[in-house]
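Below is one structure, written out as structure tokens, with a few remarks after it.
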Amino acid sequence: MIKKTRTKPLKLLKFEVLLERILPNHTQKQLIETNYRKYLAGFRGELTLDYFLSELPQDDYHIFHDLRIPRYDNNQLYFQLDAFILHPRFCIIIEVKNLIGNLYFDHQYDQIVRTRGGIDETFPDPVNQVEIQKKHLSNWLIKHKTPLIPIHTLVVITNPKSYIRISPKYGKNARKIIRGRTLSNKIKEIEKLEAEVILQKREIKKISSLLLKEHTPLNPNILKLFNIHRDEILTGAFCPNCTQVALIRIKRNWLCTSCSKTFINAHKKAILDYALLFSPVVKNKDLRTFLHMESQSSLKKLLYSMNLKPNGSRKAATYTIPLPK
Ligand SMILES: [Zn+2]
């Protein structure tokens with residue numbers, strides 16, 4: 000059964016808003032787009048993996064998509080599992096790679112060399128990556144005094160069009176690199192290897208709730224990541240019809256001066272955009288500047304209608320905009 004579903008990561012949402020709102024001729028725009036496309040491809044690969052995992056029997060398999068857990072040796076750092084499968088007899092960590100092109104797994108130099116259109120590019124060796132995660136998970140399980148359970152690791156290549164070659168230096172580890180469509184067979188092989196039941200129902204329950212409790216989604220400051228200044232971001236609520244045109248607030252409605260359409264809820268997306276780009280904690284005045292609104296009380300009413308209530312008094316009061324989970 001699925002214990003944690005995969006949702007669109009905050010980083011991806013932040014990329015989308017940044018690309019919508021960065022000044023159109025900004026020098027960093029191309030770089031942001033390239034990074035966004037890579038990140039999106041990774042997320043799509045993970046969604047493909049979820050499809051293959053759905054073939055597993057529901058009762059014995061407890062599946063967690065996308066976990067990010069504080070490390071035992073340093074709780075300011077995290078280890079991230081693309082997918083984690085918990086079974087009464089074993090567990091599996093899955094690292095997903097959604098790379099297209101000719102892939103050469105080069106263990107000796109800790110890299111994948113990807114050749115596409117005559118261009119070589121390198122990526123970290125995912126077998127090494129997943130082994131490091133295994134070490135962190137093992138420490139985490141020991142810290143929480145759970146019974147010692149075998150931890151298996153797999154690297155799943157989700158893009159069916161990639162051409163895979165593996166360096167002989169991998170030895171037995173080569174068997175950890177598989178394609179998505181063979182995943183459920185591979186898991187059944189592991190199931191045959193592990194005969195002893197180690198985790199009772201209550202232990203599975205305990206591990207599950209600990210993982211969910213400690214999961215901390217990655218929440219990067221995307222403006223800082225690309226050295227973008229506040230002034231380089233377009234403000235205003237955009238017209239959902241003709242996009243990228245700031246709406247004006249007239250008589251409890253948002254009016255587009257370009258297509259003349261009116262909207263009731265156009266502020267909702269803009270307020271979330273503000274939270275994603277700048278900060279989820281905001282003062283009335285900052286949000287008014289962003290939404291091009293003059294009246295303090297009308298914004299207050301809008302925020303109340305979204306169930307957002309002020310913290311603190313008068314001018315110092317702040318609102319906390321909830322980020323998607
Ligand atoms: Zn419009």
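All the letters of the sequence shown, read from the start, carry residue numbers 0 to 324 under numbering that gives the first Met the number 0. Cβ coordinates follow ideal geometry from the N, Cα and C atoms, glycine included.
(1) Between which residues of its own chain and Arg115 is the CB-CB distance below 8 Å, once the five residues before and five after are set aside?
(2) Over the uninterrupted beta strand (DSSP E) stretch that includes Asn74, give me the two end residues.
(3) Hey, Leu18 and Ile31: beta-carbon distance below 9 Å or not?
(4) Quick one: residues with CB closer than 7 Å to any heavy atom of ligand 1, in chain order, please.
(5) How many angstroms separate the CA atom of Ile91 from the CA atom of Leu80?
(6) Grouping DSSP H, G and I as helix and E and B as strand, with all else coil, what is Ile131?
(7) How about Arg248 and Met292: do their beta carbons lie closer than 9 Å?
(8) Between the region 106-114 and the region 161-176, can you find at least three pairs of beta-carbon atoms closer than 8 Å?
(9) Can the beta-carbon of Leu222 be found closer than 9 Å to that of Phe289?
(10) When burial is assigned at 16 or more other CB atoms within 10 Å of the CB, is Cys258 buried or exposed?
(11) According to DSSP, what are the bridge partners of Trp253?
(12) Just to confirm before moving on: does the CB-CB distance between Ile176 and Val154 stay below 9 Å?
(13) Between which residues of its own chain and Ala173 is the CB-CB distance below 6 Å, once the five residues before and five after are set aside?
(14) Spatial neighbours of Glu130 within its chain, please: CB distance less than 8 Å, with the 5 preceding and 5 following residues excluded, ordered by chain position.
(15) By a C-beta neighbour count over all protein chains shown, 10 Å radius and 16 as the cutoff for buried, is His143 buried or exposed?
(16) By DSSP, does Arg67 sit in helix, in strand, or in coil?
(17) Please identify the residue among Gly41, Ser183, Phe14, Thr317 whose C-alpha is closest to the C-alpha of Lys28.
(18) For Leu76, tell me which candidate among Thr234, Leu246, Leu217, Thr256 has the shortest Cα-Cα distance.
(19) Beta carbon of Glu202, beta carbon of Pro149: below 9 Å?
(20) I'd like to check one pair, Glu45 with Asp72: are the Cβ atoms closer than 9 Å?
(21) For a quick check, are the C-beta atoms of Arg43 and Asn97 less than 9 Å apart?
(22) Among Leu301, Leu302, His214, Leu224, which one has its Cα closest to the Cα of Phe63?
(23) In chain order, what residues of the same chain lie with their CB nearer than 6 Å to the CB of Gln22, ignoring the 5 residues before and after it?
(24) Quick one: Cα of Leu254 to Cα of Phe78, how far?
Taking the structure as given:
(1) What you label residue 115 is simply residue 116 of the sequence shown in a count that begins at 1. Excluding sequence neighbours, Arg115 sits near Ile99, Gly100, Asn101.
(2) Within the sequence shown, numbered from 1, the residue matching residue 74 stands at position 75. Counting along the chain, Asn74 falls outside any beta strand (DSSP E), and DSSP gives it neither H nor E.
(3) Along the sequence shown, read from residue 1 onward, the residue named residue 18 stands at position 19. Along the sequence shown, read from residue 1 onward, the residue named residue 31 stands at position 32. Less than 9 Å divides the Cβ of Leu18 from the Cβ of Ile31.
(4) Selection around ligand 1 by beta-carbon proximity, strictly under 7 Å to any non-hydrogen atom, yields Cys238, Asn240, Cys241, Val244, Cys255, Ser257, Cys258, Lys260 in chain order.
(5) Taking the first residue of the sequence shown as 1, we reach residue 91 at position 92. Taking the first residue of the sequence shown as 1, we reach residue 80 at position 81. Taking the straight line from one Cα to the other gives about 10 Å.
(6) For the purposes of this step, residue 131 is taken as residue 132 along the sequence shown, with counting starting at 1. In the structure shown, Ile131 falls within a helical segment according to DSSP collapsed to helix, strand and coil.
(7) Translated into the one-based positions of the sequence shown, residue 248 becomes position 249. Translated into the one-based positions of the sequence shown, residue 292 becomes position 293. The answer is yes: Cβ separation under 9 Å.
(8) In short, these stretches touch, since the Cβ pair count reaches three.
(9) Looking up residue 222 in the sequence shown gives position 223. Looking up residue 289 in the sequence shown gives position 290. Taking 9 Å as the cut-off, the beta carbon of Leu222 is found no closer than this to the beta carbon of Phe289.
(10) Here residue 258 refers to the residue found at position 259 of the sequence shown. That one is exposed.
(11) For this step, residue 253 is matched to residue 254 along the sequence shown. The partner list for Trp253 (beta bridge, DSSP) reads Arg248, Phe262.
(12) Start at 1 with the first residue of the sequence shown, and residue 176 comes out as number 177. Start at 1 with the first residue of the sequence shown, and residue 154 comes out as number 155. It is a contact, given that the beta carbons lie within the stated cut-off.
(13) Taking the sequence shown and counting its residues from 1, the one referred to as residue 173 is at position 174. The answer, listed in chain order, is Ile165.
(14) The sequence position of residue 130 within the sequence shown is 131, counting from 1. Residues Thr152 of the same chain have their beta carbon placed closer than 8 Å to that of Glu130, with the five preceding and five following residues left out of the count.
(15) Taking the first residue of the sequence shown as position 1, residue 143 is located at position 144. Flag for His143 reads exposed.
(16) As a first step, residue 67 is located in the sequence shown; it is residue number 68 there, counting from the start. If DSSP states are grouped into helix, strand and coil, Arg67 belongs with the strands.
(17) Taking the sequence shown and counting its residues from 1, one reaches residue 28 at position 29. Here the closest residue by C-alpha is Phe14.
(18) Start at 1 with the first residue of the sequence shown, and residue 76 comes out as number 77. Per the Cα distances, Leu217.
(19) For the purposes of this step, residue 202 is taken as the residue at position 203 of the sequence shown. For the purposes of this step, residue 149 is taken as the residue at position 150 of the sequence shown. Contact flag unset, no.
(20) Here the question's residue 72 lines up with position 73 in the sequence shown. Here the question's residue 45 lines up with position 46 in the sequence shown. The criterion of a C-beta distance shorter than 9 Å is not satisfied by Asp72 and Glu45.
(21) Working through the sequence shown from its first residue, we reach residue 43 at position 44. Working through the sequence shown from its first residue, we reach residue 97 at position 98. Yes.
(22) Here the question's residue 63 lines up with position 64 in the sequence shown. Looking at the Cα atoms, His214 is the closest of the given residues.
(23) Residue 22 sits at position 23 when you count from the first residue of the sequence shown. Per the sequence shown, the amino acid found at residue 22 is Leu instead of Gln. For Leu22, where only same-chain residues beyond five positions count, the Cβ hits under 6 Å are Glu231.
(24) Here residue 254 refers to the residue found at position 255 of the sequence shown. Here residue 78 refers to the residue found at position 79 of the sequence shown. Roughly 46 Å separates the two Cα atoms.
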